[in-house]
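In UniProt numbering, the protein residues as written are 1 to 271. In this text, a Cβ means the ideal position worked out from N, Cα and C, and glycines have one as well. Computed from a predicted structure; not experimentally measured.
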């Protein structure tokens, strides 16, 4: 005779740990406020959370009592409250971008079968600080501390596309000290590459510094919209997909967007 199953066993097996549905429903209102980044009228907020205004209102009353939401006295619109802002600031203080991104590059390397690295802006330019080797790594200098050139590498082009011009010019001058007599400049061809990197959300390099090696790099932004680091995948040109809609590009963009959001970045509204 079999013993009766625990009453919650099937539920846990089917859908994982059981939560509190009312909290999850109400959370849609907070998610809508975060997504829009500005106070909303009740009808607009309810619509964004896919619920009727009459259903949304009691949740908002409770959130106001907790300090998660506040209501503007004149317009009556609802926005994030002081507790929500404090939680956001504490969350940002706990996140170190490199520490946050390190486990992601390990996952990406296994998923893509290519080496994936984290680069940050150092005093000599884009500098590799973490490397996750692929199962069959490319034999190329991707050690910690490697400085990537601005013109010929995906990481370099990515930082050049998102950093102030004076920093880029200074780094270009440091790369070619023998040409220091002539002021460095961003020529038309290089400017076009940087504009493309900003437009596509990715920078690429095909047979750049090393013949037979290609790379794609995606930016991770902080809460001020500044580039914090790059996620760079690198592999043999023969089997490295540079297609902007290919699996490598999509995986890098998805990971970089997710990390940026965790750091407090908000995607600009589409015009």
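Among the options, whose alpha-carbon lies nearest the alpha-carbon of residue i?
| i | options | result |
| --- | --- | --- |
| residue 79 | 85, 70, 166 | 70 |
| residue 219 | 232, 87, 210, 107 | 232 |
| residue 237 | 83, 227, 225, 213 | 213 |
| residue 81 | 24, 39, 110 | 39 |
Residue i and residue j: beta carbons closer than 8 Å?
| i | j | result |
| --- | --- | --- |
| residue 43 | residue 53 | yes |
| residue 27 | residue 266 | no |
| residue 156 | residue 222 | no |
| residue 108 | residue 217 | no |
| residue 259 | residue 104 | yes |
| residue 225 | residue 115 | no |
| residue 119 | residue 229 | yes |
| residue 98 | residue 122 | no |
Beta-carbon within less than 6 Å of residue i's beta-carbon, same chain only, minus the 5 sequence neighbours each way: which residues are those?
| i | result |
| --- | --- |
| residue 168 | 160 |
| residue 171 | 125, 150 |
| residue 248 | 112, 216, 233, 241 |
According to DSSP, simplified to helix, strand and coil, what is residue i?
| i | result |
| --- | --- |
| residue 20 | coil |
| residue 204 | strand |
| residue 248 | helix |
| residue 126 | strand |
| residue 101 | helix |
| residue 153 | coil |
| residue 175 | helix |
| residue 268 | coil |
| residue 70 | strand |
| residue 58 | helix |
| residue 53 | helix |
| residue 147 | strand |
Rounded C-beta distance between residue i and residue j? I'm assuming under 8 Å.
| i | j | result |
| --- | --- | --- |
| residue 202 | residue 253 | 7 Å |
| residue 162 | residue 227 | 4 Å |
Return the chain-ordered list of same chain residues with a C-beta closer than 7 Å to the C-beta of residue i, the five sequence neighbours on each side being excluded.
| i | result |
| --- | --- |
| residue 56 | 29, 42, 45, 46, 49 |
| residue 60 | 29, 69, 78 |
In chain order, what residues of the same chain have a beta carbon less than 8 Å from the beta carbon of residue i, not counting five sequence neighbours either side?
| i | result |
| --- | --- |
| residue 180 | Because the pLDDT of residue 180 is 47, which lies under 50, any placement of that residue in the model is unreliable, and the number read from its coordinates should be weighed accordingly. Cβ within range, chain order: 173. |
| residue 144 | 128, 129, 130, 131 |
| residue 165 | 186 |
| residue 272 | This structure leaves residue 272 out entirely; the chain is present only between 1 and 271. |
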